[in-house]
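One structure is given below, encoded as structure tokens.
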Amino acid sequence: MKTFLTQFFTWWNSQTLGTRLHTWRHGKKVGQDETGNVYYEGGIDSEGRTRRWVIYRNYSEASAIPPGWHGWMHHRVDVAPASETYQPRDWQKPHQPNLTGTPAAYRPKGSVLTNQHRPQVTGDYDAWTPGS
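With UniProt numbering, you'll find the sequence shown wraps up at 132, consecutive numbering, no jumps.
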């Protein structure tokens, strides 16, 4: 019951009821990534291409799509990573969620959210005053 209510009233938890119905009617499962997101295709979009979409495992966060699936979603490649032996490159890092608003967020030196003090002004800047 909780899953039904969550799908009915929220859009950020996995999928809505409308998305579930559309996927059931028009979607063909293409594959699943290592985090549990499921990818579908079916129908034609306004540009004449096959429509592609993802059902997120947890919260809807677009940055959680791995690079191989991102290329497929945006029609950069025609073959889905599930259909080939896709290996990420050495420089590709694993997904890290957006940490803004959490205790692990980036806070540079001098930020009001840190316990550090702002660096002293060195005197190399003179503020403009009217009439000078």
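Ideal placement from N, C-alpha and C gives every residue a C-beta, glycine not left out.
query, result
"Give the single residue among His75, Asp78, Gly68, Ser60 whose Cα lies nearest to the Cα of Lys93.", "Gly68"
"How would you label Ser39, buried or exposed, when you count the other beta carbons within 10 angstroms and need 16 or more for buried?", "At residue 39 the sequence reads Tyr, which differs from the Ser that was named. Looking at its Cβ environment, which holds 16 or more other Cβ atoms inside 10 Å, Tyr39 is buried."
"Specify whether the stretch 92 to 106 and the stretch 51 to 64 touch according to this definition: at least 3 beta carbon pairs, one from each stretch, less than 8 angstroms apart.", "yes"
"Only counting the same chain, and skipping five residues up and downstream in sequence, which positions put a Cβ closer than 8 angstroms to that of Thr85?", "none"
"Just mark Arg52 as buried or exposed, buried being the case when its beta carbon has 16 or more other beta carbons within 10 Å.", "buried"
"What are the start and end residues of each continuous beta strand (DSSP E) run of 3 or more residues lying completely inside the stretch 28 to 62, in chain order?", "28 to 32, 38 to 44, 50 to 55"
"Where does Gly27 land, buried or exposed, given buried means 16+ other C-beta within 10 angstroms?", "buried"
"Could you work out which residue in Gly36, Ile55, Val30 is closest to Leu17 when comparing CA atoms only?", "Ile55"
"Identify, in the order they occur along the chain, each residue of the same chain with its Cβ nearer than 7 angstroms to the Cβ of Val30, setting aside the five sequence neighbours on each side.", "Tyr39, Tyr40, Glu41, Ala80, Ala82"
"Measure the beta-carbon distance from His75 to Arg107 and round it to whole angstroms, keeping in mind my assumption that it falls under 8 angstroms.", "About 38 angstroms; that fails the 8 angstroms criterion."
"Suppose only complete runs of 4+ residues qualify. What are the alpha helix (DSSP H) ranges in the UniProt region \"Disordered\" (85 to 132), listed by chain order?", "none"
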